[in-house]
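Per this note's numbering, the sequence shown starts with residue 18, numbered consecutively.
Every residue gets a Cβ at the ideal spot worked out from N, C-alpha and C, and that includes glycine.
No experiment lies behind these values; they were computed from the predicted model shown.
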Amino acid sequence: AWFEKHQIKKEYVFLAAGVPLLPVLRLDAPIEGQKSITQVEVKERFPEVATAGGFLGVARPQSGRRHQIRIHLSNAGHPIWGDVRYGSEVTAVARTALHAKSLVLPTGERFEAPLPADFEGWLQQAREDSTREGKKGEIK
Numbered sequence: 018a019w020f021e022k023h024q025i026k027k028e029y030v031f032l033a034a035g036v037p038l039l040p041v042l043r044l045d046a047p048i049e050g051q052k053s054i055t056q057v058e059v060k061e062r063f064p065e066v067a068t069a070g071g072f073l074g075v076a077r078p079q080s081g082r083r084h085q086i087r088i089h090l091s092n093a094g095h096p097i098w099g100d101v102r103y104g105s106e107v108t109a110v111a112r113t114a115l116h117a118k119s120l121v122l123p124t125g126e127r128f129e130a131p132l133p134a135d136f137e138g139w140l141q142q143a144r145e146d147s148t149r150e151g152k153k154g155e156i157k
């Protein structure tokens, strides 16, 4: 019942194409006719990565549609790295660079999942590529 009533708070970490100018994005577009909202926080920017740059973000879906984060980011011009289904042209990653970071139940219980080793590697590579060019992308 908690899922249907949107009482569970979920956070996902991702790497996506492009370099958003704003630190927070509100992606509000229906999916299959259903109201769908995803809040995205830009954590780090990597302007020198790939051809269009990239960024590390945290997504907090306010509704729970299938592939919601992937669809919203793609429609906003920021497909998730490795997500060929939704328009990614980044082939340096072996899978979709999206990770379920945390889940908070209405009871206050919090469940955390550390970044997988492959994701950590992609993030480290993006940081190295950006600092090599002298353009550190961290957001304070």
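Which residue comes first and which comes last in the alpha helix (DSSP H) that contains residue i?
i	result
R127	Not the alpha helix (DSSP H): R127 falls in the beta strand (DSSP E), residues R127 to E129.
S91	Q85 to N92
Under the DSSP definition of a beta bridge, which residues are partnered with residue i?
i	result
G71	A34 and F63
Q56	R43 and R77
K26	V121
Output the boundary residues of the beta strand (DSSP E) element that contains residue i.
i	result
L44	V41 to D45
S105	Where S105 is concerned, there is no enclosing beta strand (DSSP E), given that its DSSP letter is neither H nor E.
Can you name, in chain order, every residue of its own chain whose Cβ lies under 8 angstroms from the Cβ of residue i, other than the five neighbours on each side?
i	result
G35	A69, G70, G71, F72, G94 and H95
D146	F63, E65 and V66
P123	W19, Q24 and I25
Below 8 angstroms on the Cβ atoms is my contact criterion, and I expect residue i with residue j to pass it. Report the Cβ-Cβ distance as a whole number of Å.
i	j	result
K26	V121	4 angstroms
A109	F136	At roughly 13 angstroms, the Cβ-Cβ gap does not stay under 8 angstroms, so A109 and F136 are not in contact.
S91	G104	5 angstroms
Spatial neighbours of residue i within its chain, please: CB distance less than 6 angstroms, with the 5 preceding and 5 following residues excluded, ordered by chain position.
i	result
E28	V75, R77, K118 and S119
Is any heavy atom in the ligand GTP found nearer than 7 angstroms to the beta carbon of residue i?
i	result
K60	Ligands are entirely absent from the displayed structure, and the ligand GTP is therefore not among its contents.
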